[in-house]
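**Student:**
Protein chains in written order, with our numbering: chain L, -12 to 98; chain Z, 2 to 115.
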């Protein structure tokens, strides 16, 4: 059974601060997705990373995929209240159809 | 266009009712999924359809009955649900070839069972 350990589980910061969310596993993933979800809404895809060592940027968000494709991080620079939400990492492992989800990071950015 | 649509947005039903959730995508994806999500938890996979055939059933109770009428549509028929079935039900779709299988989620249906 593949597991993705996501940390921290909760994060409350002030507007303008930086933060990093981590997803770690002992298993190799062929790809890994990051999603952001607001209450009562579906997860919205932020990025897919597929190559070991890959770095992708989306405005103030930077995503890294570990060299061994077992871990990933999401870094947000100068967080804004609009970044508030549940951040989920999800990896494609042995099955094309089954995603392994982390438990999520609930981020609150206070004005 | 990476849109998955779901109807209705909200649904309240009694334990003796029969209702259906609907999902539609026009991205040409041949894999479609149903997930159940409780508050502040990750989604839990229920069913996967691949090329309109049921590929995965994660031991879901028979009061949930999925249907895939064509490559763009996915339904979830509900009957005799329990209050603990109240949750956000998510539909997703993905490619079935090409190397990786990013899933795109719909906005969800908030189901309340009384």
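Positions of the beta carbon are idealized from the N, C-alpha and C atoms, including for glycine.
With H, G and I counted as helix, E and B as strand and the rest as coil, what does DSSP make of residue 69(L)?
**Tutor:** Of the three classes helix, strand and coil, the one that applies to residue 69(L) here is helix, per DSSP.
**Student:** State the Cα-Cα distance for the pair residue 39(Z) and residue 42(L), rounded to the nearest angstrom.
**Tutor:** Rounded to the nearest angstrom, the two C-alpha atoms are 31 Å apart.
**Student:** DSSP beta-bridge partners for residue 11(L)?
**Tutor:** In DSSP, residue 11(L) forms a bridge with -8(L) and 58(L).
**Student:** Using the rule of at least 16 other Cβ atoms within 10 Å of the residue's Cβ for burial, across every protein chain shown, is residue 87(L) buried or exposed?
**Tutor:** Buried.
**Student:** List the whole-angstrom C-beta distance separating residue 72(L) from residue 1(L), where the pair is believed to meet the contact cut-off of C-beta under 8 Å.
**Tutor:** About 17 Å; that fails the 8 Å criterion.
**Student:** Consult DSSP for residue 45(Z) and reduce its assignment to one of helix, strand or coil.
**Tutor:** It is a strand residue.
**Student:** Mapping the DSSP letters down to three states, classify residue 25(Z) as helix, strand or coil.
**Tutor:** Residue state, collapsed to three classes: strand.
**Student:** Could you compute how far the alpha carbon of residue 93(Z) sits from the alpha carbon of residue -9(L)?
**Tutor:** Between residue 93(Z) and residue -9(L), the C-alpha separation is close to 20 Å.
**Student:** Any idea which residues DSSP pairs residue 68(Z) with across the strands?
**Tutor:** In the DSSP output, where bridge partners are listed per residue, residue 68(Z) has 76(Z).
**Student:** Hey, out of 31(Z), 18(Z) and 11(Z), whose CA is closest to residue 75(Z)'s CA?
**Tutor:** It is 31(Z).
**Student:** State the Cα-Cα distance for the pair residue -1(L) and residue 72(Z), rounded to the nearest angstrom.
**Tutor:** Those two C-alpha atoms are separated by around 42 Å.
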